[in-house]
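Here's the structure we're looking at; comments come further down.
2 protein chains.
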Amino acid sequence: MQYSSAMVGLRERKKQRTRRALVDAALRLFADKGYEETTLAEIAAAADVSTRTFFSYFASKEDVLFYDAEERMERLLALVASRGPHESPADLLVRLIDEIVYRSGEEEDLTLEETRLRMRLIMSVPPLQARALFLLFDTQLRLAEALCEAYPGRLGPLDAAAAVGALTGAVKLAAMAAISRGASLQEISDTARRAAALAASGLRSLG
Amino acid sequence: MQYSSAMVGLRERKKQRTRRALVDAALRLFADKGYEETTLAEIAAAADVSTRTFFSYFASKEDVLFYDAEERMERLLALVASRGPHESPADLLVRLIDEIVYRSGEEEDLTLEETRLRMRLIMSVPPLQARALFLLFDTQLRLAEALCEAYPGRLGPLDAAAAVGALTGAVKLAAMAAISRGASLQEISDTARRAAALAASGLRSLG
DNA sequence: CCATGTTTTTCATCCATTGAAAGTTTGCAT
DNA sequence: ATGCAAACTTTCAATGGATGAAAAACATGG
C-alpha cells in the first residue's frame, strides 16, 4: 500500500532505534574504557534497556561489533555471481577486494570515525580478532565455492581455494599492518589494493 | 650433574603428570559429553585437582586443546630459517606444509585417536575453530616474515604474504573438507599435499 | 627436622549468558 | 474505541568460566 519506509510500524522503528542505541553505546564505551573493561550492564544502561534485552539484539558482547557481517558477505557473493562474461578469476577477485576495501569506508550507518574505531578495536582485542578471522574464513569458503560456480569447468575447488587464499592472504596481511600503524582509511585502502594487484599478478596463470 | 631426565625433581614430574591428566581428562570428557557440556569442574575433578588449579596449567578452557601450539609454530619457523641454499620459496613452503601435515599424525604425546578427536572437536566447535584460525593467522604472519628474511632481496613482504596465503589457504580449505567428511589422517594428509602442490604450481612464478 | 620457596586449595567475586515467568506495548479486528 | 493476541521487555534466578587473595600442603636443600 504505502511506500515501504513508512509502512513499517512503530514496533519496527523502535527496534531499529534500540539496536542503534546499543551499537552506539557499545562503541562509545569501548572507546572510552576499553572492550574488556566495559560490561554489558553498562552498555544496556547507556542504551536504556535491561541487560537481558541486549541479548535479544545480539548473541554476544562480541557480536555488537559484527552486526553487519552477514550482509557484507552477501554483497560479496552477489558480486561473484554476477561476474562479467569476459572477466578472469583474478580480475574478478581484485574487483572483489576493491569492493571490500572501498565499502569499509562508506558504512551505511557508521561514521568514518566509528568505522576506524571498530577496526582498531577488532585488531587489538584478541577474541575480537579471532572472531573476525572466523568470519573471514567463512567468507573465504563461500567465495571459493561461488568462484567455482562462476567458472564452471574452468576453476576446480582447489584452484579457487588457492586463488581466494592468496588474494585475501595478501590483503589481510597488508591491511593489518596498515591498520595497526594507525593509517587512515585511505592509506589502508591503497595498501590493500596494491597487495591485491600484486597477488593477482601471480594468479594470472590461473586464467 | 645427572642426565637431565633424572635431574628433574618430584615437583617437575608431578607437574607433568597433572598437566597430562588434565589434557587426557578434558579430551575424554569432551568426547563423551561434548565440549560445551563439559565443565571445568568436571575436568578438574577427573584429573584430581581443584578447579582453580586448572588455570595454573591452562589459561582457559579452550587452551587445553592448544597447549602445544607454540611449540609447533617454532618448529615451522625453524624449518624456514634453515632452508636449503637452492630451494625455491614455493618448494620450501611445500616442504613446510608437508611438515605440518605429517606431524599432525605423529604427536609426541597424543595417540592417533586423540589427535583425530582433537581435530574433530576444533572443527566442530565454533569458538575452538576461531581460536585455531587465530593461531594460524599468527603463524602466517610469522611465516611470511621468516620467508622474507630467508630470501632477502628476492621476496618482498607482499610476495611472501601472497605465497603463504595461497598455500595455507588451499591447504586449509582442502584439509577442512577432508576432516569434516571424517577422512582418515592419511587421507587428510594426502588431500592437503595435493592442494599444496596445486597452489605451489601457481606460485612458481615467484621463483 | 627446619626454613624456604612453590603449588594447590579454599573462598569470594565478577561477568557473560541463558531460561522462565510476569509485565508492557503494539497491531489488528471488531 | 476496546480488547485480544502477538511481540517485546523486564525481572529473577542460576550456571559456568575466569581471577584475585590468603590459608594450607608440599618439596627441596641444608
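Top line first, the protein sequences correspond to chains A and B.
Sequential numbering from 56 applies to the first sequence in the working numbering.
Sequential numbering from 56 applies to the second sequence in the working numbering.
The beta-carbon is built from N, C-alpha and C at its ideal position, and this holds for glycine as well.
Quick caveat, the model's predicted, so the values are computed rather than measured.
Consult DSSP for residue i and reduce its assignment to one of helix, strand or coil.
i                : result
Ser137 (chain B) : coil
Arg72 (chain A)  : helix
Lys116 (chain A) : coil
Glu129 (chain A) : helix
Ser179 (chain B) : helix
Gly208 (chain B) : coil
Phe189 (chain B) : helix
Gly237 (chain B) : coil
Tyr90 (chain B)  : coil
Gly262 (chain A) : Any answer about Gly262 (chain A) is weak, because its pLDDT of 49 lies below 50 and its placement is not dependable; what the coordinates show is given next. Gly262 (chain A): coil per DSSP, three-state reduction.
Leu165 (chain B) : coil
Gly224 (chain B) : helix
Glu200 (chain A) : helix
Phe121 (chain B) : coil
Asp146 (chain A) : helix
Ser60 (chain B)  : For Ser60 (chain B), the pLDDT reaches just 40, beneath the cut-off of 50, and the residue's location in the model is therefore unreliable, although a value from the coordinates is still provided. Helix at Ser60 (chain B).
Ser105 (chain B) : coil
Please report the Cβ distance between residue i and residue j, rounded to the nearest whole angstrom; I am assuming they are in contact, meaning their Cβ atoms lie under 8 angstroms.
i                : j                : result
Thr223 (chain A) : Gln184 (chain A) : Between Gln184 (chain A) and Thr223 (chain A) the Cβ distance is about 15 angstroms, and since that is not below 8 angstroms, they are no contact.
Leu265 (chain B) : Pro144 (chain B) : This structure cannot speak to residue 265 (chain B), because chain B is shown only from 56 to 262.
Leu22 (chain B)  : Phe121 (chain B) : Because chain B spans 56 through 262 in this model, residue 22 (chain B) falls outside it and cannot be assessed.
Val119 (chain A) : Val78 (chain A)  : 6 angstroms
Asp214 (chain A) : Leu253 (chain B) : 7 angstroms
Ala221 (chain B) : Ala217 (chain A) : 5 angstroms
In chain B, what lies closer than 7 angstroms to residue i by C-beta?
i                : result
Arg186 (chain A) : Ala185
Ala233 (chain A) : Result: empty, since nearest Cβ-Cβ is about 12 angstroms, beyond 7 angstroms.
Within a Cβ cutoff of 7 angstroms, which residues of the same chain sit near residue i, ignoring the five residues on either side of it in sequence?
i                : result
Tyr206 (chain B) : Pro144
Leu84 (chain B)  : Thr93, Glu97, Ile98, Ala101
Ala80 (chain B)  : Ile98, Ala101, Ala102
Arg68 (chain B)  : none
Quick one: what's got a C-beta closer than 6 angstroms to residue i's C-beta in the same chain, skipping five residues either side?
i                : result
Glu169 (chain A) : Leu82
Arg138 (chain B) : Leu147, Ala205
Thr106 (chain B) : Leu95, Ala96, Ala99
Name the chain A residues that come within less than 7 angstroms of residue i, Cβ to Cβ?
i                : result
Val219 (chain B) : Gly224
Phe192 (chain B) : Leu188
Residues of chain A with CB under 8 angstroms from residue i, in chain order?
i                : result
Phe189 (chain B) : Pro181, Gln184, Ala185, Leu188
Ala199 (chain B) : Leu228
Ala250 (chain B) : Leu213, Ala216, Ala217
Gln241 (chain B) : By Cβ distance, chain A contributes nothing, its closest Cβ being about 19 angstroms from Gln241 (chain B), past 8 angstroms.
Starting from the C-beta of residue i, find all residues in its chain whose C-beta is less than 8 angstroms away, skip the five residues before and the five after it, and write them out in chain order.
i                : result
Ala230 (chain A) : Val156, Ile243, Thr246, Ala247, Ala250
Glu154 (chain B) : Arg130, Leu131, Leu134
Arg158 (chain A) : Arg127, Arg130
Thr108 (chain A) : Thr73, Ala99
Mind listing the chain B neighbours of residue i? Cutoff is C-beta to C-beta under 9 angstroms, in chain order.
i                : result
Ala229 (chain A) : Pro212, Leu213, Ala216
Please compile the residues from chain A whose C-beta is within a distance smaller than 9 angstroms of the C-beta of residue i.
i                : result
Ala238 (chain B) : Those do not exist, as Ala238 (chain B) stays about 15 angstroms from chain A at its closest Cβ, beyond 9 angstroms.
**Message:** Pairs of beta-carbons, one from the region 216–236 of chain A and one from the region 166–180 of chain A, closer than 8 angstroms: are there three or more?
**Reply:** Judged by Cβ distances under 8 angstroms, the region 216–236 of chain A makes contact with the region 166–180 of chain A, as three or more pairs qualify.
**Message:** Does the structure place the region 195–205 of chain A close enough to the region 196–216 of chain B that three or more beta carbon pairs sit under 8 angstroms?
**Reply:** no
**Request:** Spell out a yes or no on whether the region 109–119 of chain B and the region 130–138 of chain B are touching, meaning 3 or more CB-CB pairs, one atom from each, closer than 8 angstroms.
**Result:** Contact between the region 109–119 of chain B and the region 130–138 of chain B is absent, because fewer than three Cβ pairs lie under 8 angstroms.
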